[in-house]
Amino acid sequence: MEVSVIRICSQATNSKTELGFRDSRFSFGKFNEKLFSPKPNSVSFESPLRWGKSGLRITAQAAQSDPLPKSKSSTKSKTLNRVRLFAGLPLDVVSGGTVNQFRAISAGLKALKLLGLEGVELHIWWGVVEHESMGKYDWSGYLTIAEMVRKAGLKLNVTLCFHASSQPKIPLPEWVLDIGKTKSNIFFKDRAGKPYRGCLSLAVDELAVLNGKTPMQVYQDFCESFKSAFSAFIGSTITGITMGLGPDGELRYPSHRGFAKSDTVLGAGEFQCYDKNMLHLLKQHAEACGKPKWGLGGPHDAPAYSELPTANTFFKDHGGSWESPYGDFFLSWYSSQLIAHGDRLLSLASSVFSDSAVNIFGKVPLMHSWHGTRSHPSELTAGFYNTATRKGYEEVAEMFARNSCKIILPGMDQSDKYQLKESLSSPESLLAEIGTACNKHGVGISGQNSTVGAPDGLKQIKKNMLSENLNDSFIFQRIGAQFFAPEHFPLFIEFVRKLNQPDLNSGNLPTKEGTATATDSVHTRSNLSIHMQSA
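For the sequence shown, UniProt numbering gives the first residue as 1, with consecutive numbering after it.
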């Protein structure tokens with residue numbers, strides 16, 4: 001087994017710090033389950049902890065260590081410190097009522113506390129808690145996590161997930177999927193009639209399709225059960241609750257299915273209006289507008305999932321159907337259904353937790369592919385009627401403001417210069433556009449990164465933290481083998497240090513190459529040593 005050990009010791013002296021990495025060697029040894037009894041503010045394990053199947057082992061050691069100090073004198077520091085930093089826990093941290101990788105999670109929480117983070121984010125899955133039958137809840141594993149977070153002295157943001165995950169595989173509740181076997185129209189369907197089983201169609205929100213109950217009633221029961229089960233934590237340890245709004249928890253249609261390769265131009269996506277209930281709503285709307293023929297289906301000249309917007313005529317920059325009276329009719333209806341769905345769910349969350357001292361969030365995607373075109377195809381198929389001639393995010397921000405909720409925006413690690421030129425993508429301009437709409441309506445913004453290890457991702461995150469695009473918190477996604485890997489975790493430590501102590505070293509964040517070749521050790525009041533071992 002090849003072992004790479006990284007030691008990080010930082011101590012502020014003369015307002016200057018450096019990171020040092022040393023002691024790389026080969027080693028063999030038997031895993032030992034015995035855990036030392038650490039002192040308060042210390043993390044100490046007799047042997048490394050293995051993280052999942054990655055082969056990565058983690059040992060966190062510290063002696064009487066305090067969180068990295070925060071500067072109080074710098075104007076720049078005040079700007080950074082207004083944003084609270086969280087880290088996301090693994091999506092599958094709980095399964096079957098059991099906490100997975102318990103010891104590794106415990107060590108990770110203590111390491112994050114020592115770094116000075118505000119807290120962590122926890123995904124609570126509908127398919128895990130209400131797995132077997134409607135109304136039968138098992139919160140045990142998630143309650144264990146909440147207690148671990150409280151003991152670590154951290155805060156907890158909880159995301160209530162009414163969707164499925166494909167990686168790791170976390171399906172919807174079994175009883176919901178059983179209903180879907182004979183009633184496939186509870187799911188979104190594409191033009192080919194293929195159902196999307198990752199969440200329920202928004203068209204059934206208020207239809208009694210779940211054993212005599214509507215999805216909204218089932219979601220409310222779930223939220224109220226959560227509130228009761230976690231009453232000892234809500235308002236103290238739990239300071240934020242994110243309401244799942246659709247695929248991947250985001251307010252959108254499942255217009256892109258599957259994962260696109262990073263070196264592949266993303267297609268335009270497909271409109272998701274072909275399940276029986278969506279078609280019924282469209283037909284009603286068309287008849288009310290005096291255009292019954294427009295209610296027979298979605299645009300006939302729109303491309304398929306992976307096809308470029310230019311593959312057909314609907315999204316053509318000039319003369320495309322999206323600019324026609326029919327295009328405006330369909331896109332206005334399509335986006336209004338999505339916004340109404342978000343309004344129902346955020347109103348439900350605000351009502352259930354109205355007497356709790358927590359912030360309510362909802363997640364809005366950053367559909368930045370093709371944002372450089374006039375029609376913005378990826379945004380339109382996802383449900384956002386936002387084009388070069390129409391400000392579609394105003395309606396979204398207004399809906400969040402109406403429910404006194406905050407927006408989570410992912411993609412804050414993405415910069416324009418690293419996007420494929422062929423995709424005409426612009427995450428930075430789209431982020432600024434959404435940020436402007438939120439600021440206009442007084443909606444707080446919490447940021448997320450899209451992935452660990454995006455090119456210059458940490459620099460881009462810091463840039464957004466200093467901008468008006470982010471004014472609430474940032475949730476770094478996510479803890480796991482890749483997060484704690486030797487090529488990433490030292491960079492994250494330096495990133496956090498520079499946020500907390502911007503005056504110590506105002507230079508750019510280190511590159512991977514610069515970090516790997518650093519040889520000087522750092523002397524700080526915080527003597528944190530993180531050992532990474534790769535099998």
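Glycine included, C-beta positions come from ideal geometry on N, C-alpha and C.
Helix or strand or just coil, what does DSSP make of A485?
-> coil
Less than 8 angstroms between the CB atoms is what I'm expecting for E379 and V265, so what's the real figure, rounded?
-> Not really, about 16 angstroms apart at Cβ, beyond 8 angstroms.
With DSSP run on the structure shown, which of helix, strand or coil describes P490?
-> helix
Identify whether F495 lies in helix, strand or coil by the three-state DSSP scheme.
-> helix
How many angstroms separate the CA atom of N403 from the CA atom of L177?
-> 31 angstroms
List the whole-angstrom C-beta distance separating Q460 from Q414, where the pair is believed to meet the contact cut-off of C-beta under 8 angstroms.
-> The C-beta separation of Q460 from Q414 comes to about 7 angstroms, placing the pair in contact by the 8 angstroms criterion.
Relative to the alpha-carbon of S467, which residue among V99, G480, P303, S429 has its alpha-carbon at the smallest distance?
-> Looking from the CA of S467, the closest CA among V99, G480, P303, S429 belongs to S429.
For S95, does the three-state DSSP call read helix, strand or coil?
-> strand
How big is the Cα-Cα spacing for G383 and L308?
-> Those two C-alpha atoms are separated by around 18 angstroms.
Count the other C-beta atoms from every protein chain shown that fall within 10 angstroms of the C-beta of Q101, then say buried if there are 16 or more, exposed otherwise.
-> buried
Reducing DSSP to helix, strand and coil, say where H123 ends up.
-> strand
Where the alpha helix (DSSP H) containing F330 begins and where it ends | 325-352
Using a threshold of 9 angstroms, state whether the C-beta atoms of T387 and G249 are closer than that.
-> no
Indicate whether T381 and Q220 have their beta-carbon atoms separated by less than 9 angstroms.
-> Not closer than 9 angstroms, so no.
What does S446 pair with, by DSSP beta-bridge criteria?
-> I408, S473
Could you pull out every residue in the same chain whose Cβ sits closer than 8 angstroms to the Cβ of F86, ignoring the five residues on either side in sequence?
-> L117, E118, G119, V120, E121, K155, N157, S473, F474, I475, F476
Please list, in chain order, all residues of the same chain as F329 whose beta carbon is under 7 angstroms from its beta carbon, the five residues on each side excluded.
-> For F329, where only same-chain residues beyond five positions count, the Cβ hits under 7 angstroms are C289, K291, W294.
So does the stretch 91-108 actually touch the stretch 447-459, counting three or more Cβ pairs closer than 8 angstroms?
-> no
Determine the DSSP secondary structure at I479, reduced to helix, strand or coil.
-> coil
First and last residue of the uninterrupted alpha helix (DSSP H) at A382 | 377-382
Boundaries of the alpha helix (DSSP H) in which C223 is found, first to last residue = 215-229
Spatial neighbours of H441 in its chain, beta-carbon cut-off 7 angstroms, leaving aside the 5 residues before and after = A397, E398, A401
Contact set for residue 552: own chain, Cβ-Cβ below 6 angstroms, skip 5 residues either direction | Because residue 552 is not part of the residues shown, which for the chain are 1 to 535, the question remains open.
Out of I124, Y137, A229, point me to the one whose CA is closest to residue 538's CA.
-> Residue 538 is absent from the structure shown; the chain starts at 1 and stops at 535.
Touching or not, the stretch 202-219 and the stretch 330-346, by the rule of three or more beta carbon pairs under 8 angstroms?
-> Segments in contact, yes.
Coarse secondary structure for R150, derived from DSSP in three states | helix
Report the rounded CA-to-CA distance for A432 versus L345, giving the unit in angstroms.
-> Rounded to whole angstroms, the separation of the alpha carbons of L345 and A432 is 26 angstroms.
Excluding five sequence neighbours on each side, which residues of the same chain lie with their C-beta closer than 7 angstroms to the C-beta of S184?
-> P195
Rounded separation between L491 and G411 - CA only | 19 angstroms
Nearest to A454 by alpha carbon, out of S335, C405, F483?
-> Closest in alpha carbon position to A454, among S335, C405, F483, is F483.
Take A286 as the anchor and find which of Y253, A146, G327, G269 has the nearest alpha-carbon.
-> G327
Terminal residues of the beta strand (DSSP E) in which A87 lies = 84-88
From the DSSP output, in three-state form, read off S77 for me.
-> Any reading at S77 must be qualified, since the residue scores a pLDDT of 37, below 50, and its modelled position is unreliable; no value is offered.
What are the boundary residues of the alpha helix (DSSP H) that includes Y393?
-> Y393 -> alpha helix (DSSP H) spans 393-402.
Hey, how far is the Cα of A111 from the Cα of M148?
-> Cα-Cα distance, rounded: 13 angstroms.
Leaving out five residues on either side along the sequence, give the residues of the same chain with a beta carbon under 6 angstroms from the beta carbon of V209.
-> I186
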